[in-house]
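Written below as C-alpha cells is the structure these notes are about.
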Amino acid sequence: MAKVQGYIEIDSERCKGCGLCINACPVKAIEFSSEFNSKGYHPAKYKGEGCIACGFCYLSCPDVCITVFHGARRKTPVGV
Amino acid sequence: MAKVQGYIEIDSERCKGCGLCINACPVKAIEFSSEFNSKGYHPAKYKGEGCIACGFCYLSCPDVCITVFHGARRKTPVGV
Amino acid sequence: MSYHGIVIAGFGGQGVMLMGQIIAAAAVIDGKNSTWLPSYGPEMRGGTANCTVVVDEKPVASPVIDTPTEVVAMNYPSMVKFGKKLKSGGFLFVNASVVDQKMDRGDVKIIEIPVNDIADKIGSGKVANMVMLGAFVELTKVASFEAVEEALRYKLSGSKSALLPLNLEAIKKGAEYARGR
Amino acid sequence: MSYHGIVIAGFGGQGVMLMGQIIAAAAVIDGKNSTWLPSYGPEMRGGTANCTVVVDEKPVASPVIDTPTEVVAMNYPSMVKFGKKLKSGGFLFVNASVVDQKMDRGDVKIIEIPVNDIADKIGSGKVANMVMLGAFVELTKVASFEAVEEALRYKLSGSKSALLPLNLEAIKKGAEYARGR
Amino acid sequence: METKIAFGGPKSLSGKEFTYCPGCHHGIVHRLIAEIIDELGIQGKTIMVAPVGCSVFAYEFFDVDGTVAPHGRALAVATGMKRALPDRVVFTYQGDGDLAAIGTAETVHAANRGEKLTTIFINNAVYGMTGGQMAPTTLLGQKTTTTPYGRRAKNDGYPVHISEMLSTMVGVAYLERVTVSTPQDIRNAKKAIRKAFLAQIKNIGFGLVEVLSTCPTNWGMSPVEAQRWLLENMTKEFPLKVFVDKVGD
Amino acid sequence: METKIAFGGPKSLSGKEFTYCPGCHHGIVHRLIAEIIDELGIQGKTIMVAPVGCSVFAYEFFDVDGTVAPHGRALAVATGMKRALPDRVVFTYQGDGDLAAIGTAETVHAANRGEKLTTIFINNAVYGMTGGQMAPTTLLGQKTTTTPYGRRAKNDGYPVHISEMLSTMVGVAYLERVTVSTPQDIRNAKKAIRKAFLAQIKNIGFGLVEVLSTCPTNWGMSPVEAQRWLLENMTKEFPLKVFVDKVGD
Amino acid sequence: MKTEKLMMKGNEAIAEAAIRAGCRLYFGYPITPQSEIAEYMSRRLPEVDGTFLQTESEVATVNMVYGAASTGKRVMTSTSSPGFSLMQEGVSYIAGAELPCVFVNVVRGGPGLGDIQPAQSDYFQATKGGGHGDYKLLVLAPSTIQEAVELTQLAFDLADKYRNPALILADGMIGQMMEPVELPPMRDLSTLPDHSDWALTGANEREPHKVTSFNIDPYGLEEMNKRYQEKYTRAVREEQRWEEYKTDNAEYLLVGYGTVGRILKSVVDKLAEEGIATGVFRPISLWPFPYTRLRELAEAVKFVFTVEMSSGQMVEDVRLGVEGRVPVHFYGRMGGVVPTPDEICSAFKKLL
Amino acid sequence: MKTEKLMMKGNEAIAEAAIRAGCRLYFGYPITPQSEIAEYMSRRLPEVDGTFLQTESEVATVNMVYGAASTGKRVMTSTSSPGFSLMQEGVSYIAGAELPCVFVNVVRGGPGLGDIQPAQSDYFQATKGGGHGDYKLLVLAPSTIQEAVELTQLAFDLADKYRNPALILADGMIGQMMEPVELPPMRDLSTLPDHSDWALTGANEREPHKVTSFNIDPYGLEEMNKRYQEKYTRAVREEQRWEEYKTDNAEYLLVGYGTVGRILKSVVDKLAEEGIATGVFRPISLWPFPYTRLRELAEAVKFVFTVEMSSGQMVEDVRLGVEGRVPVHFYGRMGGVVPTPDEICSAFKKLL
Ligand SMILES: Cc1ncc(C[n+]2csc(CCOP(=O)(O)OP(=O)(O)O)c2C)c(N)n1
Ligand SMILES: Cc1ncc(C[n+]2csc(CCOP(=O)(O)OP(=O)(O)O)c2C)c(N)n1
Ligand code: SF4
Ligand code: SF4
Ligand code: SF4
Ligand code: SF4
Ligand code: SF4
Ligand code: SF4
Ligand SMILES: [Mg+2]
Ligand SMILES: [Mg+2]
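Chains as they are written, first to last, in our numbering: chain A, 416 to 495; chain B, 416 to 495; chain C, 41 to 221; chain D, 41 to 221; chain E, 338 to 586; chain F, 338 to 586; chain G, 1160 to 1511; chain H, 1160 to 1511.
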C-alpha cells in the first residue's frame, strides 16, 4: 500500500501546548512553536511535511485543536 | 450412646407463642398452652417428658424464653 | 346530642381502628362532619391501639379531645386509661367478655357487652368489634344503621364482600343486646 | 505613608501570590499589621490570579479595598483591570518585559521594570517576581529589606533553602534597578 | 446424672423484652451475638450501634454501651467510634433498608477501608419497621406495600446482592451469608458471627455476616411458614456461602 | 488524490474552549463522546448531566441539553430525567470523587436497577477540582494533598474498584475499563463508549465506561509523563477489561 | 366528575390530589408518618401511566426530583423530618436552578430520630431555609384534609408560576387522620403550563437548554440571586394566605397554623362560652408569611398568643409582624405532644 | 510556649487552633474554600498521634463525628455550604443526642452549586436550624484570623459545657486570608473535661451508657426537649458575645458580623471623617444572638443599618432585637460579592 499523504492544521489559539500530539505523531511531524499564543502557551505547530494522515495527533489532542487532511496541502485553511 | 435425658423451662410471660420451638423440637416435647399470658398469647409449654436436651428449642426461640437442662427434672425452677 | 367525641381502644388486632372508621364514615353519610384519628406507629406492635372519632354538626375544629363523650374499651388497660377521662354523664362501653373488673365511676353510664361471646355464638370471634359497633350505634345514635351499613359495604367491597353478611349480623346482634339490657 | 492597600496581579504561575505573602509577612516582622487575601478557586486555572495586601499601623479593618494605593501588574490584563482603580497619586508597577502598552493615567506614578529580562540575566526567569518585589519594596518602603529577607527565609526553609541566594539576588537587582531609574 | 444448664440465655443481653413480633428472627440473631460477646469475654469493651429499623431498640437489648445511628449511617458512626477508641470492639446491627439502600455508600466504604468493625446484616427482604415496603433485597415478583403488583425488574430494579458486591474488596476479612431457619443454620450462623468478631479483634479487617431472616408480619405468614418460605425462595436468590475468610480457625 | 478531512472536531461539541489544564484527558474523552453522539445521530434527543468536579462545566461544552447535578448525584438526576422522558438518551459524566465516593449509593443503585443510562466515569486517582486530595481510587503510596505521607491502607483504606464492584450486578448491560493514553487506547475507548450508549438506546440496561485518565496538574507531571505514569501504575491496579457486554456487535 | 365526599386519610388524599393536579412522577423513600403517600402512589400511578419509584434514600430522591423537574413535568416527593433534612442540599440546588416541584414534609417529633408523633418543629427549616444560600420555598400548611387537597393542587400551580419548589408542611396528625373530603376533577395534562422555553427535553431544532444553579463568577451569581429575589418579592406581594376565625371583635388574638390552627378554633369557642372574646389568625402560607394582615389585626387586640407544637419557631415571624406593638406570648408542646383545647385555654387564661 | 506572631491562612489557623484545643480527631470531605483545613489536618494530626480521615461524603463525615463524639473525645469537621446542607440530618441527631463537637462552615455563594466566593447566606441555616426539630447550635462568627483561633478554642469549650455541637460560621474570606496570629499553647489532654459519666467507652465495671436522640414516647421526648431548652435558656443568659466599635456617641448603628463586621469599621472611620457619628455592633455569637445589648444600643440611635453578604438574614434577628423602636435598614450583596467600604458608605448615606 502506498504511503498516504496528508497534512494537519492546528488551531494555535486554542492549543495549550500540552505536547500530546507531538508525543503521539509516529513520524515526528509536529513540534512546539517558539511563539506564544495569547493564553501564554507555546502552541504545537506542523513541521510542514511528513504527515501520513494517521490521525494520532487528532485523537490525542484534548483541546480539539487539530484537523487532519488526506491529500496535499491546500493554502486555504479548513475550519475545525 | 445412651439417650440423654433432659427437661426445659419456658418463661411463659415472655413467650409470644410463635411456635418456632414447637416446630424445632425433634421429639415433639413442646406444645401450645391453652391459657393466655398477660400479653394475650398462648405460650409454649413443655409436655413434661421426652426432652433429650438437644437445645433446638433454645436455639430457635427468638425471645430467649427457654432454658434447657441436662438431667432429671428438679422441682425448684432455675432462672434464665 | 349533636357532638360526639369518641375514643375506641383495645389490643392491636381487636379491630378498634375499623370500628372507628365505620362510625366516622357513617356520620358523614348522614350528613354530619367527622374526623378519625388513629394512634399510629409500627413500634407499637403488640401494644394497645386506639383511635379518636369526633362527630359534629359543624366542621370539626379539634380532632384531639380532652374529655370524650363516649369511650369504647375492648380490654382492661383501655378501660382504665380512657375511662377516667370520660365526660361526666358519658357512655363507657366495656367488652365484658375480656374485662371482669368494674370501672369505679358513678357519674357515667357503663354499658357492658360480652361481645366476644356474642360473636362466637354467630360463628366468628373476629366480628366482636362489629357486635360492639352495633351496641354503640344503638345507644348513642351517632349515626343511622343505614349509614353504618353503607359505610361497611364500602369498606368490605371487592374480595372482602363475602364477609358482609356476617358483619351485618354481628351489628344487629350487638344492637339487640344493647336494646335488651 | 503608614497605610498601604496593594493589589498584585498577573497570570497564574507568575508568582504573584508569593510576592504578596512576603510583603505581608515582612510588614508584620517590622511590627505593622497586615492582611493578605488571594483570589482563589481552582476553576481559575490558567486565568489570572491576584492578591490584595493591606499594611497598616492600626489593626487592618477591611482586607478588601476599593482603591489600591499600589498596584503591581505582571501582565497586560492586570494592568488594565487594576490600574484604573489605583488611587490618584499611587504607584503602578508594571512588568515591562511582557507589557508593551502604556496605562493612560497621568495622576499616578508608573514604574516600569523589565523584571523577566533582569531575572533572565541573573540566571532564572522564575525569580522575576522577586525582582519586582525588590523594586516594590525599594520605592514604597512598605517594609524593611531585613524583614523581607527574614520572611523569605521562612518561606524557603527546608528543602527549598537552596533557592534563597538566587531569590535574594533577584530582590537586590530589582531594588537596584528601581533606585537607578 | 447431674442437673446442669445445657442452654441458657447469655448475660450480654440486658434482659429487656424484645419488641419484635412473634417469631421474628431478629431475636434469634440478638441472642447469638450476645452469646459470642459472652464467649469472647468482650462485654466490657464492646460498643453497639443500632440502626433505624425494627431493631432500633437493639441498643437497649444488649448490656453493653450503645447508640442508635441515623438511618443507614451505622457504619459511619461505628467508624468514628473505632477511630477514637481503636482497642474497643464496635459492632453494627443493620437491616437491609438501612445497610443496602440508604447506607450503601457507608457500607461500601467502611468495608473497602477495611475498618476493624463487625456488622450483622439482617436481610429480611422488606422494610419491617415502616410497614412492609420494598427493600433493595425484595425478590422479583414479591408483593410489598410499595410493590403492590409484585416487584418488577423494569421499574424497581433487581434484588441487591450485598455480600457478592462486598466480596470484591480487599478490606473485607470475613464475609458469610447465613440464615437462622433451622437449628443447624443457627449453629452455623453463630460460627459466622464469631468469625466476624474475630476479624475485628485480631485486627484483620472488616467482618460482615448477612443473615437471611423472616419478617412474618409483613410477609403475612405465620413464623413457621415464613421460615419455610425463606428456605424455599430467599436462599435461591441469595445462596448461603462463605465469601471471604481471612480469619482461619 | 482528493483533499478531504480525515479527522475533524465533532459537531456535538459547543465549540466553547475547554477549561481543563494542558494535556488533561477530560478533553479527549469529551471529544470521543461527542463523536459518538454525532455518529449515532442522537444529538437532538440527548441530555447530559455534568458532575461537580473539574468537568463541572461540561454541560456547556456539549451542544445538547444539559445540567449539572449536585456532587455525586448525577445518576439520581439522570434517573429522574430518564423516568420522565424514557425515549431520550441521558448520560452522566463523572469523576472518581463524584461517582466513587460521595455518589457511591446512587451509582450502585442506578446500575443495579438497570437504569437505561450511560455513564462515563473519569478515574484520575485524585480530586482534580478541589486541588488534588485523595480520591477513593488513589493508589496505595500515592501522595496527594490529604495523603502527604502517601496513601496508607491502614488509615486511608484501599483503592476502590468500581468496575469490579458493579460487574456483579444484573442490571448492568455494558461495563468496560479503558484509557486514552495512546492512539490505540483512544480508539478502544471510543468503541466502549459507543457500546455504553447502545446499551441504553437498545434498552438493554445500564452502560458504564471507566476511563483511566491523567491529572497532570495534581500529579505534578507533564502531560506526557502523566500518561506514562498512568500506563505503568494505574493499569496495574485497575486492569483494562471488558467486564460486561450484553450489547454484542 | 366525582364530587361526593369520601372519608380519606390525609396522606392518601394528598397523593390523590397530586395525581389530579397532573403529577405523574413520584420518587420517595418510606418514612413514618407519611409512607402511605408512597404506598398510594405505587398502586395508583401505574393506573394513570405515571411512574412511581422507590428510591435508595432521600438524597437520591431529591435529586431524582431535580432530574424529573428539569424536564418540565410535574413531580412530587414526600417525606418526614429526618428525611427532609437529608434533602436540604438538593432543595437548595432545585431552588437555585429554578425548577418547579412539590415537596411534602409530614413533620414528626425531633430533633434527631425523635419519635413519629405530630410536631411543628420544622418550621424554621421550611421557611427560613434549611439548605444553604438565599432561597425560599413556597410553604403551605393545611389544617384539614380538604385543605390539604386544595393546597397540594395550589402548590403545583405556585411552583409553576414562580419556577420554584413548593412545600406542603403538614404534621403526623394531618397525614394519619381521616376526614370527609371532596376531590377536584382530574386535570387534563394538556392544560398544564408550557415549560418548553427552558425544560430539558433534547435540543431538537432549537438551541440547547441549560439548567443550573452554578455560576463561577460572583457577579453573575449575584444577578441570578437578584432574579430569585424579584420572584420572592412578587410572592410576598401576591401569595400571603391566611384564615381568620372570629377576629372581628376579638380582644385577644390566637395565632397557630396547621393542626394547632384548627384546635385553636375549639379554644376560641370555649373561651367565648366564658365571655372572653378571642379570635384565631391561622397563617396558611408560612412563606410568604402573612405579616401584613397580622400587623393590622395585632393593632386591635390586647396581646397576641401564639401556640405551636414546638419550642417556639413561628412565633418569631409573629414577633416580626407585630413589631412590638402589643405583647406576643407563646405556648408550646414539644416532642410530638399535641396540645388539647383545655390546656391551651388554661395557658391562655394565666396571661389575663 | 510559642507566642510570636505568624502569618497564617485562616483555614490553617483554625486547624492548628483545634489541635491546640485538644482535638485529635478530624473527619472531612474536601470542598472549596476550606479544603486547607483537611489538608493541614492530614499533615499535622499524625504528628500528634491524632487521626485524620478523609471520608466518602459529608453525610458519612457528620456521622463519623457523631460516633467519635459519643466516645467523649474532642472531634471536629469542616466544610462549606453545600456540604453543611448534607450534614443537617446528622447535626440534628448530634444535638438530640447531646454530643459535644465542633463544626466549621466556611460559607460560599449559594444557593445550589453557586460559586466559591465568600458569602453569609447560611446564617439562617446556622442559627435557626437547618435540620429538623427544636435544637440550636452554638454559633460563633470570627472576623479576623486571630479571632478565628480564639473562637475555635471557645467552640470546643462551649460544646463541652453544654454537651451541644458548636459551629464556627466563617466565610471564604476568613478561610483564605492570611493575617498575623498568635497561637495559644498546646492544651494538655489530661485537663480536658471529664465525660466518663456518659461517654461510650465500653461498660467495664459500670452500667452501660446509652447515647441517643430517640424516644418513642412523645411525653418522654418532650422531657428530652425540655432538657435541651433549659440548656439553651442558660446559653442565652451566659453566652451572648459581641464587639462594639465607636458606639459611644454614635447617632447611627451599623450591624454586621464576621467579614462584614470588620469592613464596617472602615466604614465608620470613613464616615467619621465626614463628621457622621456611627458605630459598629458586631455580633460574635450568632446564636445566642446578643439581643440584649443590641436593644440597649438601638434606643440611643436614629436608625440601625445592617449589612450582610446575603439577601438579608441576620437582619431578622436585628429586627427581633430592635422590636420596632427605631427603623432597621438593610444593605446586602449576594452570590459571593464582598461589599467594599465605599459602596457601604454610599448606601448608608442614601438613608440620611
Ligand atoms: C432518613 C430516614 N429515612 C427513613 C426513615 C424511616 N425508616 C425507618 S426504618 C426504615 C427501614 C427499615 O427497614 P430495614 O432496614 O430493612 O429494617 P427492618 O425493619 O426490616 O429490620 C425506614 C425507611 C428514617 N427513620 N430516617
Ligand atoms: C457536597 C459537596 N461536597 C464537596 C464538594 C467539593 N468538590 C467539588 S469537586 C470535588 C471532587 C472532584 O473530584 P472528581 O470527582 O474526582 O473529579 P475531577 O475533578 O478529578 O475530575 C469535590 C470534593 C462539592 N462541590 N459539593
Ligand atoms: S496525522 Fe499522524 S502523521 Fe500526521 S501529524 Fe498527525 S500524528 Fe503525525
Ligand atoms: S495536543 Fe492539542 S493542545 Fe496539546 S499541544 Fe497538540 S494541538 Fe496543542
Ligand atoms: S431440648 Fe430438644 S428435645 Fe428438649 S424440648 Fe427442646 S427441642 Fe425438644
Ligand atoms: S419459640 Fe419462644 S417465643 Fe416462640 S413459642 Fe417457643 S418459647 Fe414461645
Ligand atoms: S415487622 Fe417484621 S422484622 Fe419487624 S419485628 Fe415484626 S416480624 Fe420482625
Ligand atoms: S486539575 Fe487535573 S483533572 Fe482537573 S483539569 Fe487540571 S489536569 Fe484535568
Ligand atoms: Mg428489612
Ligand atoms: Mg478525579
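Backbone N, C-alpha and C fix where the C-beta goes; we use that ideal spot for every residue, glycine too. Note that the structure is a prediction, hence the values are computed from the model and not measured.
When secondary structure is reduced to three states using DSSP, E450 (chain B) falls in the coil class, being assigned neither helix nor strand.
Counted as a single uninterrupted DSSP element, the alpha helix (DSSP H) harbouring G1255 (chain H) occupies residues Q1247 to G1255. Shown here, V1497 (chain G) sits in coil according to DSSP, grouped into three states, outside any helix or strand. Looking at the backbone, the Cα of A202 (chain D) and that of P1241 (chain H) are separated by about 43 Å. In the three-state DSSP reduction, W1446 (chain G) falls in the strand class (E or B). One thing to note: F133 (chain C) has its Cβ within 8 Å of the Cβ of I153 (chain C). Rounded to the nearest whole angstrom, the CA to CA distance from K353 (chain E) to E397 (chain E) is 7 Å. If the five residues before and after I425 (chain B) are omitted, its C-beta is found closer than 7 Å to the C-beta atoms of P458, A459, K460, Y461, C480 and I481, all from its own chain and listed in chain order. Under a 10 Å Cβ-count criterion, D433 (chain F) is classified as buried, with 16 or more other Cβ atoms of the shown protein chains found around its own Cβ. Separation of the CB atoms of V94 (chain C) and G55 (chain C) is rounded to 20 Å, and the pair is thereby denied contact status at 8 Å. Relative to ligand 7, the nearest heavy atom lies less than 7 Å away from the CB of M466 (chain E). Pairing T475 (chain E) with T481 (chain E) gives a Cβ-Cβ distance under 8 Å. In this structure A1227 (chain G) touches M418 (chain F) by the C-beta definition: roughly 7 Å separates them, less than 8 Å. Residue range I1304 to Y1321 is occupied by the alpha helix (DSSP H) that includes F1315 (chain G). With distances taken between CA atoms, P108 (chain C) lies nearest to G:P1500 out of G:G1268, G:P1270, G:P1500 and G:T1303. Contact check for E443 (chain E) against G409 (chain E) passes: the beta carbons are separated by less than 8 Å.
I457 (chain E) has its CB no nearer than 7 Å to any heavy atom of ligand 9. Here R1484 (chain H) has A1457 and E1458 as same chain residues with Cβ atoms under 7 Å from its own Cβ, once five neighbours each way along the sequence are excluded.
Residue side-chain check: F471 (chain B) places its Cβ nearer than 7 Å to a non-hydrogen atom of ligand 5. Among the residues of the stretch 455-482 of chain A, those with a Cβ less than 8 Å away from any Cβ of chain F are Y456, A468, C469, G470, F471, Y473, L474, S475, C476, P477, D478, V479, I481 and T482, in the order of the chain. Among the residues facing chain E, R1202 (chain G) is included, as its CB has a counterpart in that chain under 8 Å away. Taking Q431 (chain E) as reference, the option from E:G468, E:T456 and E:L377 with the minimal CA-CA separation is E:T456.
If you draw a straight line from the Cα of A1358 (chain G) to the Cα of C1182 (chain G), it is about 16 Å long. Using a Cβ-Cβ cut-off of 8 Å, Q1335 (chain H) counts as an interface residue toward chain D, since at least one Cβ of chain D sits closer than that to its own. Taken through DSSP and simplified to helix, strand or coil, F534 (chain F) comes out as helix. Each residue's CA atom was taken as its position, placing G1491 (chain G) and W1401 (chain G) some 21 Å apart.
Taking 8 Å as the threshold, the shortest C-beta distance from F1373 (chain H) to chain E falls below it. Non-local beta-carbon contacts of T484 (chain E) in its own chain, meaning distances under 7 Å to residues more than five positions away in sequence, involve M471, T475 and D493 in chain order. Using a Cβ distance threshold of 8 Å, D1281 (chain G) and H1291 (chain H) count as a contacting pair.
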